[in-house]
Each structure stands twice: as C-alpha cells, then as structure tokens.
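Trainee: Quick note on numbering: our numbering labels position 157 of the sequence shown as 348, and the sequence is numbered without any gaps.
Have a look at this one.
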Amino acid sequence: MSDLDCILTIKKGLQKMSARTMNRTNTPRVAPSAIKLPSEDKRWRIVAATMRRHGYAQSSLIEILHTVQSSFGYLDKSSLAFVAHSLRVPLSKVYGVATFYSIFRLKPHGKHTCVVCMGTACYIKGSAKLLQTLEQKYAIKLGDTTADNKVSLLEARCLGACGIAPAGIFDGEVLGNLTSETIDVQLKDWLAESESDPESVNIKTTL
Ligand code: FES
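What follows is the structure, given as structure tokens:
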C-alpha cells in the first residue's frame with residue numbers, strides 16, 4: 192500500500208471514530224477561542240491555518256500531523272502536545288497515530304537520507320542484503336542516523352520503479368540497479384563532507 196493509500200485509509204477510520212466521539216460528547220468542531228502557538232516560529236502559523244481550514248476536526252489529525260512534519264521535518268513532543276490540545280484529542284491517541292504509521296517520524300533526519308526500497312521486486316533483487324550490508328558497514332540501524340548526524344538510513348515499500356530494482360532514494364533522487372558498491376560511493380561522499388561543504392556528489396547509477 193502506498194503512503195497516499197495509507198493516509199486515505201487512516202483518514203476514513205479517523206473520520207468514523209471522530210463522528211462517533213462527536214455524537215457521544217456533542218463536542219463542537221471549533222477551536223478554543225484563542226489557541227496559543229508553541230512559539231513565534233512562522234511555521235506554526237501554517238499549522239494553525241491548516242487546523243482552521245479543517246475546523247479543528249479530530250478527523251483531520253492525520254493532515255495536521257502531516258503539515259507539522261512537512262513544516263518542521265519531524266514530530267517532537269511539544270508539537271504532538273500542541274496538536275492534541277488544539278484538536279481536543281487525547282495525547283495518547285496522537286502519539287499512537289504518530290508512532291504507528293511509518294510516514295511519521297519522531298526524530299529529525301540527518302543531513303542526507305538514504306532510502307532503500309524493500310518492496311517485492313527490490314527484495315527479490317537483493318535489497319534486504321544491501322540494507323544488511325549497509326547496517327553492518329556503517330554501524331547504523333534502519334531508521335537511525337549516523338552519530339555525526341550526516342546520514343539517515345530508511346526503507347520504503349515500492350517506489351514505483353520496480354523496473355530498475357533494486358531501487359532507492361538518495362536525497363530525494365530515485366536511483367536504480369543499486370549495488371553495495373554504488374551505494375558506497377554516495378555514502379562515502381556524504382560522510383566525508385565537511386560542515387563547510389554542503390554540496391554532495393550524486394551517485395552515478397544508471398536508471
Ligand atoms: S518494489 Fe522497489 S521500486 Fe517497486
């Protein structure tokens with residue numbers, strides 16, 4: 192199931208749940224008269240505007256969390272608490288949604304992201320082995336970031352590029368026919384970067 196399908200399925204479930212809750216408690220779908228933003232950061236205004244657009248409905252939880260993550264890069268404790276308070280949803284429920292679905296992350300990513308596809312086609316072509324090699328070679332667990340905060344290692348379920356399996360995404364660029372050697376080239380470049388050298392060299396893998 193793609194991330195979009197996943198979001199739509201979750202949304203439908205939350206809408207049903209929310210409707211039931213509303214019927215029981217008769218809680219109005221409006222915000223408290225004045226919601227205090229967590230800080231002066233302008234990104235919170237984007238989040239607040241999204242909440243307003245959805246009428247502070249509990250069923251908009253997924254969209255709101257998605258907006259927070261798009262704005263800040265990840266969901267920290269204070270943002271979860273803010274969303275819970277604003278939508279009048281128990282913090283435990285917000286935390287549960289944020290931790291259950293892989294589209295959300297509770298920790299910031301590193302400067303670079305390496306996503307290895309673990310969908311069926313890529314798995315058959317050896318992506319699991321690639322991932323395992325990466326974990327061992329760079330002492331980094333799936334979902335984690337290297338100690339120097341430079342590279343995060345992630346997985347995905349089908350990038351829609353099965354014809355070039357095994358595929359991955361390197362800083363947003365889909366690359367295929369991956370081997371441990373070609374991945375090595377990219378990761379070594381990233382890890383060798385100094386703080387004053389923000390540009391990275393793209394992997395030269397044929398699509
Ligand atoms: S299974 Fe990896 S791109 Fe489709």
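Glycine included, C-beta positions come from ideal geometry on N, C-alpha and C.
Would you report the Cα separation of I239 and S250, rounded to the nearest angstrom?
Mentor: Your numbering for residue 239 matches position 48 in the sequence shown. Your numbering for residue 250 matches position 59 in the sequence shown. Residue identity differs from the one stated: residue 239 is Ala in this sequence, not Ile. Each residue's alpha carbon lies about 15 Å from the other.
Trainee: Should C305 be counted as a contact of ligand 1 given a C-beta to heavy atom distance under 6 Å?
Mentor: For the purposes of this step, residue 305 is taken as residue 114 along the sequence shown, with counting starting at 1. C305: no, Cβ never under 6 Å from ligand 1.
Trainee: Short check: CB of P229 to CB of Y265, under 7 Å?
Mentor: Taking the first residue of the sequence shown as position 1, residue 229 is located at position 38. Taking the first residue of the sequence shown as position 1, residue 265 is located at position 74. Going by C-beta atoms, P229 is not nearer than 7 Å to Y265.
Trainee: Just to confirm, is the Cβ distance from V259 to G301 under 7 Å?
Mentor: As a working note, residue 259 is residue 68 in the sequence shown. As a working note, residue 301 is residue 110 in the sequence shown. No, Cβ-Cβ distance for V259 and G301 is not below 7 Å.
Trainee: Given S262, which residues of its chain have a CB within under 7 Å of its CB, disregarding the five upstream and five downstream residues?
Mentor: Here residue 262 corresponds to residue number 71 of the sequence shown, with the count starting at 1. Answer for S262: R234, I237, V238, listed in chain order.
Trainee: For L344, does the count of other Cβ atoms within 10 angstroms reach 16, so buried, or fall short, so exposed?
Mentor: Locating residue 344 in the sequence shown gives position 153, where the first residue counts as 1. Buried, because 16 or more other Cβ atoms sit within 10 Å of the Cβ of L344.
Trainee: Have a look at L278 and K268 and give me their C-alpha separation to the nearest angstrom.
Mentor: Here residue 278 refers to the residue found at position 87 of the sequence shown. Here residue 268 refers to the residue found at position 77 of the sequence shown. Those two C-alpha atoms are separated by around 16 Å.
Trainee: V306 and A338 look like a contact to me (Cβ under 8 Å); what is the Cβ gap, rounded to whole Å?
Mentor: Along the sequence shown, one-based indexing puts residue 306 at 115. Along the sequence shown, one-based indexing puts residue 338 at 147. Actually they are not in contact, since the Cβ atoms of V306 and A338 sit about 20 Å apart, beyond 8 Å.
Trainee: Sort I360, G363, I226, D335 by Cα distance to F273 and report the nearest one.
Mentor: In the sequence shown, counting from the first residue as 1, residue 273 sits at position 82. Taking only the C-alpha atoms, the option nearest F273 is I226.
Trainee: Can you tell me whether DSSP reads L366 as helix, strand or coil?
Mentor: As a working mapping, residue 366 is identified with position 175 in the sequence shown. Of the three classes helix, strand and coil, the one that applies to L366 here is strand, per DSSP.
Trainee: Please tell me whether, using a cut-off of 6 Å, the distance from the CB of A239 to the nearest non-hydrogen atom of ligand 1 is below it.
Mentor: On the sequence shown, position 48 is the one that residue 239 refers to. Incorrect: A239 has no Cβ contact closer than 6 Å to ligand 1.
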